[in-house]
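> Quick one: the structure is below, and I'll ask about it shortly.
Numbering (the UniProt record's numbering), first residue to last: 1 to 784.
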């Protein structure tokens, strides 16, 4: 066969390919968009491989160069727009030879693969065989030595796209939280029916070998019982399940019953447990009117949630950086995330650990399987068992170690406040503590404090708090007032109600309140108790953490609003919307939302707004509209934080753009306002609320039996729980190294160092806003 004749000289720009393989997962389009635009920004050319490995094997028009504008609007699209197919041909060496030949013909020597462990394993094999594949192609006469010479090394980076979240070494895979959102929406929808008719529902979710979706949905919906493949129920589980459900319904008055089961659920003898079997047990043994719902592929559909858009974008950007950093000796990396930190992990280590978990399950070594899951998975499982229902007599503490733990909400409402309080109450009851809710913040605490106790301070029962699992806002009420407004009255109430600890859920006001109580310890012994803050604010501006409850709910609500606005802008084709976001003097929400919706520009307080910035952005918009000539249907969005400028308000910015557009395009302002606080909390806020609240309760428990002086002398007795990088930890409020001195900008009500500021550069890079002009005056953000 005559070798294919192509120019020997390699292309002037490096060419990076991207493909999606295996199943589809919400967020894959965001990953492709990020890879394409980051590659172009890095002075490379981007190529999309359509239909996964099948397109790589077949070549031709299935491998196409992709330009900047080709991926506009992809963030809000579900599935994968470049297609995904399982390819048996690629599993054989001849198929991989064809794929290698097609890549050489197009000058591609780097590939970003987004898929599951099977797809990523195939990519690793492809890279390992690459030199021998090229030799075979030359020996067979299909390519010449000159043609293959520039491409001796194949660089590959993996992204994990899987709704099951079954890859070890990462907290989340692209698509898993979007799928969890679909599940929670479905279960939330049946709550009313279940309550009205006192019915039971058995909900089957995906997860053949991994129970992450089942576990997280059980936590998010307050399910009565859970079945996952990693930890089958003990023999006799039928009787135990029925006894627990009977106690919840008859003794505690619960009207609805929810059982969550993973499709791969099994007993300890590896016999499948089906949803229909559970339904029959509940119907026959308890006489419970039970319905079964198998959610199926609805879990894969729809647009990606805010977290998956954020995750896929950052991982796509990091994948291109990893490609450019690779050497011939570098192992194939997979881009992972741990807590809030994007990381690179050796691919085959993660794949092998994932396979080992499945093997342990097959060998009935269930404890080992749980130990091999990420530490976060096991922690969530234990948390669920300890809080699903407070019926664990063996976990009761001795009388002398039980505490009266007060719970208060301070600041503006935020999604996650109620689930956090519910988790704290359930854990307290499980351990024998007394949970005491303070209604309406500190004003509710000191109300009539000179008289007998009032209803604004009372013990919370399990049934009351159980319904808070999916409720937004604050059921016990919240208030911005601080204890300093009546410190003496607050201290008297602490003594009156005999508080042994205070659990504060809220934003910067909550942080300030605990700071004031800590400083008042010198005068009031009542405050010499554990004081713990769980950050909950849509602004995500609490020192000591990179994540606050409610911020994810806010982001999901905001991108839903932006998607609807973009649709309006797209319909008129030549329109820009300037949308005002909340967030106070922190630009976190605006920046992260800008990343998730593909905003043209984001204006934040940390940078401010000036006339030069507006002028350049108007030029940039004009340039965009001239280039696409109205053919591109994706509308354009600018996000402006409410405190970005006192002069250049949202309406003023919109009017300036409209005026300077000279009729070439239009501009409108939109203010979602308190809509951003959201309705029901997002699944992420629900599950993190449970995890963080229980950690707080255990931290409080560690002070059991200590004297008040010993507690006051411990810096961590007044602390904030938070995510920092790849860790969850407690940070002390006071002391020379405490948050009050080292990390807090009290004037601007935000941390001195904001981890997310670097995201602003990524927003600008992927929008093209950071591009420079060429000699003709065009913005150079596209390979043309």
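Positions of the beta carbon are idealized from the N, C-alpha and C atoms, including for glycine.
Less than 8 angstroms separating the beta-carbons of residue 63 and residue 96?
Contact: no.
> Count the other CB atoms, across all protein chains shown, that sit within 10 Å of the CB of residue 271; report buried if there are 16 or more and exposed otherwise.
Exposed.
> Tell me the rounded alpha-carbon separation between residue 14 and residue 349.
If I take the Cα positions, the gap works out to 29 angstroms.
> Please look up how many angstroms separate the CB atoms of residue 537 and residue 414, rounded, as I've assumed it's under 8 angstroms.
Going by Cβ atoms, the distance from residue 537 to residue 414 rounds to 5 angstroms, so yes, they are a contact pair.
> Among 602, 676, 482, 288, which has the Cα closest to the Cα of residue 787?
No answer is possible for residue 787: the residues shown for the chain start at 1 and end at 784.
> Which residue or residues does DSSP assign as beta-bridge partners of residue 47?
Answer is 17, 65.
> Rounding to the nearest angstrom, what Cα-Cα distance links residue 108 and residue 177 in this structure?
Cα to Cα, residue 108 sits roughly 33 angstroms from residue 177.
> Between residue 752 and the rest of its own chain, which residues show a CB-CB distance below 6 angstroms, the 5 nearest in sequence each way excluded?
Closer than 6 angstroms at the Cβ level, and outside the excluded window around residue 752, lie 743, 745.
> Would you give the residue range spanned by the beta strand (DSSP E) that residue 791 belongs to?
This structure cannot settle anything about residue 791, because the visible part of the chain is limited to 1 through 784.
> What did DSSP end up calling residue 416 once you bin it into helix, strand or coil?
Reduced to three states, the DSSP call for residue 416 is coil.
> Is it buried or exposed, residue 282, if we count other Cβ atoms within 10 angstroms and call 16 or more buried?
Residue 282 comes out buried.
> Does residue 758 come out as helix, strand or coil in the three-state DSSP assignment?
Three-state result, residue 758: helix.
> Can you name the residues that DSSP bridges to residue 227?
Answer is 261.
> For residue 343, which residues does DSSP report across the bridge?
Paired residues: 336.
> Taking a contact to mean a Cβ-Cβ separation below 8 angstroms, would you say residue 468 touches residue 390 in this structure?
No, Cβ-Cβ distance for residue 468 and residue 390 is not below 8 angstroms.
> Assuming residue 622 and residue 661 form a contact by the criterion Cβ under 8 angstroms, report the distance between their Cβ atoms to the nearest whole angstrom.
Residue 622 to residue 661, Cβ: 7 angstroms. Contact.
> Report, in whole angstroms, the separation of the C-beta atoms of residue 641 and residue 557, which I expect to be a contact under 8 angstroms.
Not really, about 16 angstroms apart at Cβ, beyond 8 angstroms.
> Take residue 402 and list the residues in its own chain whose beta-carbon comes closer than 6 angstroms to its own, dropping the five residues that flank it on each side.
Cβ neighbours of residue 402 beyond the five flanking positions: 432, 433.
> Among the residues of its own chain, which have a CB less than 7 angstroms from the CB of residue 22, if the five just before and after it don't count?
These residues qualify, in order along the chain: 84, 86, 115, 116, 118, 119.
> What residue does the alpha helix (DSSP H) around residue 312 start on, and which one ends it?
Residue 312 -> alpha helix (DSSP H) spans 306–325.
> Can you say whether residue 395 is buried or exposed, counting buried as having 16 or more other CB atoms within 10 angstroms of its CB?
That one is exposed.
> Note the first and the last residue of the continuous beta strand (DSSP E) segment covering residue 666.
Taken as a continuous stretch (DSSP letters only), the beta strand (DSSP E) holding residue 666 covers 666–670.
> With a cut-off of 8 angstroms, do at least 3 Cβ pairs link the segment 179–197 to the segment 285–298?
Counting Cβ pairs under 8 angstroms, three or more are found: they touch.
> For the beta strand (DSSP E) that residue 603 lies in, which residues bound it at each end?
Unbroken beta strand (DSSP E) run through residue 603: 601–603.
> Hey, is the segment 487–500 in contact with the segment 670–685, meaning 3+ C-beta pairs nearer than 8 angstroms?
With the cut-off at 8 angstroms, the segment 487–500 and the segment 670–685 do not touch.
> Terminal residues of the continuous alpha helix (DSSP H) containing residue 286?
Where residue 286 is concerned, the enclosing alpha helix (DSSP H) stretches over 275–286.
> If we count the other Cβ atoms within 10 Å of its Cβ and call it buried at 16 or more, is residue 248 buried or exposed?
By the 10 Å Cβ count, residue 248 comes out buried.
> Here's the rule: buried if 16 or more other CB atoms are within 10 angstroms of the residue's CB, otherwise exposed. What is residue 549?
By the 10 Å Cβ count, residue 549 comes out buried.
> Taking the C-alpha atoms as reference points, what is the distance between residue 48 and residue 104?
So the two alpha carbons sit approximately 15 angstroms from each other.
> Around the C-beta of residue 327, are 16 or more other C-beta atoms found within 10 angstroms, so that it is buried, or is it exposed?
With fewer than 16 other Cβ atoms within 10 Å, it is exposed.
> Cutting at 8 angstroms between CB atoms, please list the residues of its own chain near residue 1, excluding the five before and the five after it.
The predicted position of residue 1 is uncertain, since its pLDDT is 47 and thus under 50; no value can be drawn from it.
> Assess contact between the segment 355–366 and the segment 224–231, defined as three or more Cβ pairs (one per stretch) separated by less than 8 angstroms. Is contact present?
Cβ pair count under 8 angstroms is three or more, so yes.
> With the cut-off set at 8 angstroms, would you say residue 446 and residue 489 are in Cβ contact?
The answer is yes: Cβ separation under 8 angstroms.
> Going by Cα to Cα distance, which pick from 54, 455, 250, 31 is closest to residue 46?
Closest option to residue 46, Cα to Cα, is 31.
> Please identify the residue among 760, 755, 565 whose C-alpha is closest to the C-alpha of residue 670.
For the residues 760, 755, 565, the minimum Cα distance to residue 670 belongs to 565.
> Check for me: the alpha helix (DSSP H) holding residue 135 runs from which residue to which?
117–139 is the span of the alpha helix (DSSP H), which, as asked, contains residue 135.
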